[in-house]
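Residue numbers (the UniProt record's numbering): 418 to 842.
Presented below is the structure to which this report refers.
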Ligand code: GTP
Ligand code: MG
């Protein structure tokens with residue numbers, strides 16, 4: 418993996434050299450980074466970290482001839498441009514109001530019983546599972562689907578957002594009997610913001626000099642499952658409930674197919690199983706259209722879903738892999754923390770090597786939810802995990818990030834204090 422001069426990195430990312438150089442310096446690296454010049458060569462893990470901080474995507478890949486790849490986030494989300502990358506399973510994030518039936522729906526889809534085991538019947542953690550693909554003859558095969566179960570309770574907004582961050586498809590669950598509720602609307606607002614942001618990125622990317630605007634198509638797609646339809650009596654009630662929900666969605670700019678838009682609304686029941694095969698088919702079709710691809714060989718990269726102490730394991734962080742592969746012994750920066758991967762376990766309740774839920778796996782690949790052991794300290798969910806070259810690098814980057822965060826907090830406190838004084842006058 419050849420290092421790249423600051424000048425070339427800035428050029429490839431269409432960024433100012435000064436901005437790139439400053440980031441390189443701030444990441445805390447070897448001496449020469451402090452006195453960087455346009456010719457200073459930076460390692461590719463540093464290039465990726467710089468890209469991340471400046472809103473550009475830098476990917477490291479295994480074949481040494483394509484070491485560096487950069488694309489806007491939007492284009493990455495659209496996927497499919499580089500067919501040499503293998504397809505990866507779609508990540509579906511299930512979101513919706515509390516008690517509308519998210520966990521029960523997932524249980525029905527993957528034939529498990531998570532909902533029944535939950536304290537008070539309320540989801541309090543981000544769950545990550547894998548639904549195996551179906552190959553020919555109904556056997557396991559194909560890509561499968563990764564699903565994230567989010568809590569619907571108002572108190573867990575941050576967790577919902579972490580789930581949504583790592584997602585390709587948001588599956589909005591709406592109870593047929595209750596219709597759109599507060600957290601349903603919160604999800605819609607979040608999508609709206611996300612799409613607006615993507616559109617903005619897209620304009621910046623394409624709208625510049627000589628740039629041509631293409632029709633904007635967001636990378637995060639939405640599907641709606643109207644659940645608990647077994648509680649409705651007869652076709653008429655069903656049509657009335659669906660129509661009510663579809664019109665309520667339309668009032669928030671989400672147009673269903675029935676109303677001339679392209680958002681699929683699928684009626685289901687987790688109790689009778691009605692509509693479930695149809696829902697899975699549609700998710701798979703949607704994923705095919707998105708044509709999600711990722712390199713599986715290069716250094717790994719993912720998002721932290723959750724982190725905490727677990728009895729018998731110590732510090733465990735749940736990670737959703739997005740790129741490359743992660744193996745035992747890899748050195749990672751995880752947000753403001755770092756560590757050396759001691760062990761990788763399958764997601765809870767997903768089959769690992771030993772057939773049991775959460776067993777050890779040899780390597781984590783794109784779209785796989787895994788639990789990683791070996792972090793030094795508690796990382797923050799929502800932040801990225803990236804494989805870097807050495808422990809020294811990891812330690813320096815983590816330290817630099819902690820210091821930057823410290824400075825931000827300090828500035829924020831200072832700002833509030835000033836405001837406070839003004840208010841008192
Ligand atoms: P939070 O995770 O707390 O946001 O809730 P949730 O959306 O995961 O809801 P959960 O799956 O825990 O279901 C809430 C209640 O609705 C439970 O009592 C379920 O048995 C019931 N329920 C879920 N799906 C269906 C369904 O399709 N039909 C019927 N009749 N009841 C359902
Ligand atoms: Mg739940």
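Backbone N, C-alpha and C define an ideal beta-carbon position, used for all residues, glycine too.
As assigned by DSSP and simplified to three states, the class of residue 636: coil
Same chain, Cβ closer than 6 Å to residue 719, neighbours up to 5 away in sequence not counted: 736, 737, 738, 739 and 802
Start and end residues, beta strand (DSSP E) containing residue 430: Segment: none, residue 430 is in no beta strand (DSSP E) and carries neither H nor E.
For residue 455 and residue 423, believed in contact at Cβ under 8 Å, the rounded distance: 5 Å
N- and C-terminal bounds of the beta strand (DSSP E) containing residue 858: In the structure as shown, the chain begins at 418 and stops at 842. Residue 858 is therefore absent and cannot be evaluated.
Those residues, in chain order, that have a beta-carbon closer than 7 Å to some heavy atom of ligand 2: 519, 520, 532, 535, 539, 540, 566, 568 and 569
For residue 513, the three-state DSSP class (helix, strand or coil): Strand, per DSSP.
Segment contact flag, the segment 460 to 473 with the segment 790 to 808, C-beta cutoff 8 Å, min 3 pairs: yes
Beta-carbon contacts of residue 574 that lie in its chain and below 6 Å, excluding the five residues immediately before and after: none
Candidates 666, 596, 744 and 730: closest to residue 779 by CA position: Of the listed residues, the one whose Cα sits closest to residue 779 is 744.
Beta-carbon spacing of residue 687, residue 525 below 7 Å: Their beta carbons are under 7 Å apart, which means residue 687 touches residue 525 by this criterion.
Sub-7 Å separation of residue 511 and residue 460 beta-carbons: Pairing residue 511 with residue 460 gives a Cβ-Cβ distance that is not under 7 Å.
Limits of the beta strand (DSSP E) - the one that residue 524 falls within: No beta strand (DSSP E) holds residue 524; the alpha helix (DSSP H) holding it covers 519 to 527.
For residue 667, three-class secondary structure by DSSP: helix
Per-residue DSSP class, three states only, for residue 601: helix
Proximal residues to residue 359 (C-beta, below 7 Å), its chain only, five neighbours per side dropped: Coverage of the chain is limited to positions 418 through 842, which leaves residue 359 absent and any answer about it impossible.
DSSP state of residue 547 mapped onto helix, strand, coil: strand
Opening and closing residue of the alpha helix (DSSP H) in which residue 703 lies: That run of the alpha helix (DSSP H) goes 693 to 707.
Given 8 Å, three or more beta-carbon pairs between the segment 592 to 609 and the segment 505 to 524: Verdict: yes, contact present.
The segment 663 to 671 touching the segment 698 to 715, judged by at least three CB pairs closer than 8 Å: no
Beta-carbon contacts of residue 441 that lie in its chain and below 8 Å, excluding the five residues immediately before and after: Result list for residue 441: 423, 450, 453, 457, 459, 463 and 467, in chain order.
Opposing strand residues paired with residue 742 [DSSP bridges]: 716
Residue 681 classed as buried or exposed, judged by whether at least 16 other C-beta atoms fall within 10 angstroms: In the assembly as shown, residue 681 is a buried residue. Its beta-carbon has 16 or more other beta-carbons within 10 Å.
Beta bridge counterpart(s) of residue 453 as assigned by DSSP: According to DSSP, which records beta bridges pairwise, residue 453 is partnered with nothing at all.
Whole-Å CB distance - residue 588 paired with residue 640, under 8 Å assumed: Cβ atoms of residue 588 and residue 640 come within 8 Å of each other, at about 5 Å.
Pair within 7 Å by beta-carbon distance, residue 579 and residue 563: no
Identity of the residue in 569, 643, 753 and 799 nearest residue 663 by Cα: 643
N- and C-terminal bounds of the alpha helix (DSSP H) containing residue 534: 531 to 534
Proximity test, residue 529 beta-carbon vs ligand 1 heavy atom, cut-off 6 Å: Incorrect: residue 529 has no Cβ contact closer than 6 Å to ligand 1.
Pairwise C-alpha distance: residue 637 and residue 678: Pairing residue 678 with residue 637, the inter-Cα distance amounts to about 16 Å.
Assumed close pair residue 523, residue 723 - CB separation to whole angstroms, cut-off 8 Å: Not confirmed; about 17 Å, so no contact.
Own chain residues within Cβ distance below 8 Å of residue 443, not counting five before or after: 817 and 821
Close beta carbons around residue 437, own chain, < 8 Å, minus the five adjacent residues each side: 423, 426, 427, 430, 467 and 471
Limits of the unbroken beta strand (DSSP E) element including residue 788: Note, residue 788: beta strand (DSSP E), 786 to 792.
Identity of the residue in 748, 432 and 787 nearest residue 807 by Cα: 748
Beta bridge counterpart(s) of residue 735 as assigned by DSSP: As a beta-bridge residue in DSSP terms, residue 735 pairs with 723 and 788.
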